[in-house]
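Protein chains in written order, with my numbering: chain P, 281 to 631; chain Y, 281 to 631; chain B, 281 to 631; chain A, 281 to 631.
Heads up: the structure comes next, in structure tokens.
There are 4 protein chains.
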Amino acid sequence: MIVVMRSGFAEAELQRVVEYVEEAGLQVHLSRGEEHAIVGVVGVPIPDHLQEDLEILPGVQQVLRVSKRYKRASRDFQPVPSVVQVGGAAIGPGEVAIIAGPCSVESEEQYLSTARALRDLGATMLRGGAFKPRTSPYEFRGLGELGLQIMARAREETGLPIVTEVMAPADVELVARYADMLQIGARNSQNYLLLDAAGTTEKPVLLKRGMAMTIEEWLLAAEYVMASGNPNVVLCERGIRTYETATRNTLDLSAVPTVKKLSHLPVVADPSHGTGKADLVPAMALAAVAAGADALMIEVHPNPDHALSDGAQSLNVAQFADLVPRLAAVAEAIGRGLHAGRADAQLASSS
Amino acid sequence: MIVVMRSGFAEAELQRVVEYVEEAGLQVHLSRGEEHAIVGVVGVPIPDHLQEDLEILPGVQQVLRVSKRYKRASRDFQPVPSVVQVGGAAIGPGEVAIIAGPCSVESEEQYLSTARALRDLGATMLRGGAFKPRTSPYEFRGLGELGLQIMARAREETGLPIVTEVMAPADVELVARYADMLQIGARNSQNYLLLDAAGTTEKPVLLKRGMAMTIEEWLLAAEYVMASGNPNVVLCERGIRTYETATRNTLDLSAVPTVKKLSHLPVVADPSHGTGKADLVPAMALAAVAAGADALMIEVHPNPDHALSDGAQSLNVAQFADLVPRLAAVAEAIGRGLHAGRADAQLASSS
Amino acid sequence: MIVVMRSGFAEAELQRVVEYVEEAGLQVHLSRGEEHAIVGVVGVPIPDHLQEDLEILPGVQQVLRVSKRYKRASRDFQPVPSVVQVGGAAIGPGEVAIIAGPCSVESEEQYLSTARALRDLGATMLRGGAFKPRTSPYEFRGLGELGLQIMARAREETGLPIVTEVMAPADVELVARYADMLQIGARNSQNYLLLDAAGTTEKPVLLKRGMAMTIEEWLLAAEYVMASGNPNVVLCERGIRTYETATRNTLDLSAVPTVKKLSHLPVVADPSHGTGKADLVPAMALAAVAAGADALMIEVHPNPDHALSDGAQSLNVAQFADLVPRLAAVAEAIGRGLHAGRADAQLASSS
Amino acid sequence: MIVVMRSGFAEAELQRVVEYVEEAGLQVHLSRGEEHAIVGVVGVPIPDHLQEDLEILPGVQQVLRVSKRYKRASRDFQPVPSVVQVGGAAIGPGEVAIIAGPCSVESEEQYLSTARALRDLGATMLRGGAFKPRTSPYEFRGLGELGLQIMARAREETGLPIVTEVMAPADVELVARYADMLQIGARNSQNYLLLDAAGTTEKPVLLKRGMAMTIEEWLLAAEYVMASGNPNVVLCERGIRTYETATRNTLDLSAVPTVKKLSHLPVVADPSHGTGKADLVPAMALAAVAAGADALMIEVHPNPDHALSDGAQSLNVAQFADLVPRLAAVAEAIGRGLHAGRADAQLASSS
């Protein structure tokens, strides 16, 4: 930590900073310039409120934190990129995975038929919402446990692992009983008790970025899960909120290489929520692969104009079928290829 | 709801929109311009996914929702501004209330001495955190139930009602047992299960605006609480996240008159979180009163440079003492005055 | 300037940083921690690209600039708040000035009658647009020089100084011939050649904050004008662009005390552009005075629903008449009062 | 245009809206719902201030503009994507072009050697700044006309067309004498007099998106150039300003497919300014190609750590050489390929 004294500081002010640091059991390293003085804080551990305390001492201009606030999520902690296993699938460096499915699980028939189609087209995992966070209390909030049961049946039929959202600490155990991966949604991305609870399961966690979350806050949210004992976190960029209204959110693809530089955790991109518009999804899905995303999360609905939620951003099955080979081509072009899902297993067994 | 067909739409596309609306049990009112056609949707109730469904039908340019998405929070529902009673205090039109206290409850001694000082200086209510949401898992997360007990003792001593944050549905009952008002923090402002749970108590709810929440989303979050049975919601503007880094957040004071136009609910402003800097708090507190805020929420710490959280934005007691009469002057200037708290009750009884 | 080496840096990397700084004719002050090393750069002048150069050297984690990038605009340069004289009016600490008038000068009759009414109601200065920046090329772009002539006539009649926008370096001389103060609009706030040109006149400059301008960038834009020789700069907060769409912009009133802390320049608030909605203007005008603004800039149109531009945010004359005494009351409450304009000069002469 | 009357409107208010529209020479088409009434405005032309006027009439809830505000830039005006010729190069659908070069022209030797290297590596066009907009007045502001002369020499040597920024209307003629394409920078993107002036030349215009510009405003800025007589506009996405500070700007790649849906104009992406960090440029350049950008604009400097501007975001020549074949692979994967520049001309002549 570095404390910069403002130009024209008083000697007594500097002295107080030095004493404050030393009272905390740390050493100082003092450096005087023409106008400013700089106090380097040396030693560990640095108490978590030290920065805020020092910032308000008289004569202090700014306090710079040098070390990262997250540990387990950091690339310093683990230099090699992580691979997170989800059922039979792997998310990490190597082949790019595709997580697909409707926004909400609406009925067994709807979900199973979609799941089969997606499996045949090359999806690696299935998504679907049983507990749905909705902006208005008067909208469809999901089928609850029935939705989870339907998803479990889809897994049995297709062999594909399933991911679904959990919204409260008290539901973690229930959702973990059915799902292969727990999703924590953007609106709950700083619901710290939920992150704590997700950290106590053994199921991998897909952590969406909050709508106004910095990358540092996102990694600190991952740190909550990891600090509670669960190292299997996958980050999902799903668009941030900006002034632009032409898209529902602004998909921040630069977050993909930025996170990979700072952290060993895999990164997924969700162009469906990221744009909110089905006709923009293919271009942004291709871009996400090129940017280095380890997986895509794409909403596919058998009949988007009758979807109970988020129809406007869902591809239909034909559009998804058209997209997959294009994704494969870009994934090949950057030397990765698509994760096979069950599609080629089938082909293998039928050949 | 109004559906605008794009320039050059096909007759069959218009027909499909009309049929879609009629299938939903509603009527259409068709209006054809030079290039566009406009389909007015008449009838109630409008299914919640209708807008999204229509937006993706071929030939549709845009769909405009005419009616508000929130009801109970709306000024149409209740034209007269609400007064929310919190213990002996009232938040609403009329005198401006001051909610003050340290960010966290750190110890009995710290909290009680601060509470007494604030009571004597004219505070209307006490704030304090027992369960603290922290960006990093390694920071001080509050004293939990012990903190609640200390706050309850402060209420006994000072006669001032207390407000404190609740972070999970499972904790609502516990916190409601001690507190006069439940705070839902910015990070949990779209934690819908928490909003539901807060709606089942009889305690008033202070609902902070999320960091990237639109005013419509904020009123819809209030609607969750109200739809669950609790009409006593107070909204709290605490700064939104913007590109500007000179302040911790950007306190959006225009939200105060905007909310008052749309809703009957009282509005509180929090210049401490809204700026993150103690030296900006007085100016923004004065501005909030002038803008029409029904109450202020101000962090005051007996010793800000040793606070366990948010020291940089806390006033010390002397700074608060200096601020109160200035707030009173502005409150008088706009014809409201300050809510007396216990200060003048004391004076009254001693005279 | 402080260079922080990243954890695990190589000795040769540190050496290269040291050499780089010394080649620039500066000294280093080295400080080694457990993981990091910190290189303090001592000496002047620091070349302007040094920060960027150092940031990309291998092993460097971050480079912190300690000294401010602006000088003349800084409070270090001039500790006492500036008063800027505009014709007979003064903008600065002391009484709060009111700059009022229609968005555009539309006709002589419209402008003169409005000007007289505003003078009688207590306005300190007149505003009006002769050269209008418009988002679309197909909208009314102002009367040009004819508009300037009409404004000059209004000054003769009312005795109030006038402020109007200039949009290109080549027009500065023309506009300065008529106006008492040159306005540089939000869209031109980083039009550096225009800032340079405005710096060569002797007329004071009202510099609006750009829509996505940080406070530092705003002060640097003021620095352009000042570095060209014109010290008379007044800053105008007019709302920044955020995700919120309930208002046209988000009026960042915390910019008022922030700028006053960093700079000696006066600050004006424009609640008309800041909100874009006439019904929010009174509350935000009152708030701006309470926050410490040295002047307000308010759009008033004799007939807002027939204005050629920005009618939605203009008060009519009756609304302005209603607002002035309320502003005066708040200005009194904070110990400043309203600048009298010609209103009391008239009273004085008639008494 | 559609006017929605608010719930509980008075009949006289509706009548005033109808009269207002009819006074403007337009027809109304009235539609009454349960609570609201909707007034469709039929006829042309719609006066440009009509929307604002109607919005403030009593009883009006909102006014929806149905037709686009831009014409020549619109895909309705020209359904086929435009190809803009810049010297011998073409930007548009088909092969992807690469515009490369240092941020500033610093010296003849620096620029010519870089230009030759870039030509050999496959660049299609050269970029470079002779007039530089700088945040601080104390930074290097470019070589001016000497810079233009050096660029012209580079064109002679390499055969590649050159693009450079123009900052003031008065400089358009000068810059157009040397450059093959005029760049209008982000800070001048709403400098309407400059857009007008650029519209009077015959040189194509590269129009960068402003830092807080919506896509509609950007197309309206293009409309300025086109309305002045110059149809050859190329749009350049260079990152928008958001709350995230991990990158210098947030490169909004979803703007690429969005613009292509709304407009026939080509779109370029600038990952150098878009991220501000050289190590993120390759990933974002690949992503931009996958998203459908018609060209890339990439800063390359022979010696980034001695660049006079923007060194932190510049690739060195070796990094650029490494990137080009990867871009070619992605461009092939989406069926486009890279524009050959002079590289194959050379090969052709040498074979």
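Beta carbons are placed, not taken as given, at the ideal position from N, Cα and C, and that holds for glycine.
Do we get a CB-CB distance below 8 Å when we pair residue i with the residues of chain P?
i	result
A:Asp532	yes
Y:Glu335	yes
Y:Ser589	yes
Y:Ala628	Reliability of the predicted coordinates at Y:Ala628 is poor, the pLDDT of 37 falling under 50, and no value is obtained from them.
Y:Met491	yes
Can you tell which of the options has its C-alpha closest to the C-alpha of residue i?
i	options	result
Y:Ser259	P:Gly367, P:Ala507 and P:Leu588	As shown, chain Y starts at 281 and ends at 631. That puts residue 259 of chain Y outside it, with no answer to give.
Y:Ala459	Y:Arg467, Y:Val446, Y:Asn471 and Y:Gly465	Y:Val446
B:Glu482	B:Ala492, B:Pro511, B:Gln470 and B:Leu474	B:Pro511
B:Ala317	P:Asn596, P:His329, P:Ser347 and P:Ile326	P:Ser347
P:Leu310	P:Val321, P:Ile430 and P:Ile326	P:Val321
Y:Glu503	Y:Tyr350, Y:Leu294 and Y:Arg296	Y:Tyr350
Y:Asp602	Y:Pro338, Y:Asp333, Y:Val301 and Y:Asp400	Y:Asp400
B:Leu588	B:Lys412, B:Ala568, B:Ala567 and B:Ser552	B:Lys412
Y:Leu337	Y:Gln295, Y:Gly367 and Y:Glu375	Y:Gln295
Y:Pro373	Y:Ala492, Y:Ser543 and Y:Asn529	Y:Ser543
Y:Leu428	Y:Val360, Y:Gln593, Y:Ser387 and Y:Pro537	Y:Ser387
List the whole-angstrom C-beta distance separating residue i from residue j, where the pair is believed to meet the contact cut-off of C-beta under 8 Å.
i	j	result
P:Gln358	P:Val284	In fact, because the Cβ distance is near 33 Å, the residues do not count as touching under 8 Å.
P:Glu524	P:Asp550	In fact, because the Cβ distance is near 18 Å, the residues do not count as touching under 8 Å.
B:Pro582	B:Ser393	6 Å
P:Thr438	P:Arg396	6 Å
A:Leu656	P:Ala571	In the structure as shown, chain A starts at 281 and stops at 631, and residue 656 of chain A therefore has no counterpart that could be examined.
Y:Leu545	Y:Val513	5 Å
P:Ile282	B:Ile282	6 Å
A:Gln463	A:Leu486	4 Å
Using a Cβ-Cβ distance cut-off of 8 Å, determine whether residue i contacts chain B.
i	result
A:Phe600	no
P:Arg521	yes
Y:Glu579	no
Y:Gly288	no
A:His329	yes
A:Arg467	yes
Y:Asp624	In this prediction, Y:Asp624 has a pLDDT of 47, which is less than 50 and means its spatial position is unreliable; what the coordinates show is noted afterwards. For Y:Asp624, the answer is no, since every Cβ of chain B falls outside 8 Å of its Cβ.
Would you please verify whether the beta carbon of residue i is less than 8 Å from any beta carbon of chain A?
i	result
Y:Glu314	yes
P:Glu612	yes
B:Ser416	yes
Y:Val324	yes
P:Glu386	no
Y:Gly509	no
Spell out whether any CB of chain Y is found under 8 Å from the CB atom of residue i.
i	result
A:Asp451	no
B:Met506	no
A:Ile495	no
P:Gln470	yes
A:Ser631	A caution first: A:Ser631 carries a pLDDT of 36, below 50, which makes its placement in the model unreliable, though a value can still be read off. It does not; no Cβ of chain Y falls within 8 Å.
**Prompt:** Using a beta-carbon distance cut-off of less than 9 Å, what residues from the stretch 341-357 of chain P approach chain Y?
**Reply:** Arg349, Tyr350 and Lys351
**Message:** At a CB distance below 9 Å, what residues from the stretch 422-449 of chain P approach chain Y? Give them in sequence order.
**Reply:** Met447, Ala448 and Pro449
**Request:** Taking only runs that begin and end inside the stretch 525-601 of chain Y, name each unbroken beta strand (DSSP E) of 3 or more residues, in chain order.
**Result:** 547-549 and 575-579
**Item:** Entirely enclosed beta strand (DSSP E) segments - the stretch 436-504 of chain Y, minimum 3 residues
**Value:** 442-445, 461-464 and 485-488
**Prompt:** Which runs of the beta strand (DSSP E) spanning at least 3 residues fall entirely within the stretch 304-357 of chain P, listed in chain order?
**Reply:** 307-312, 317-322 and 340-344
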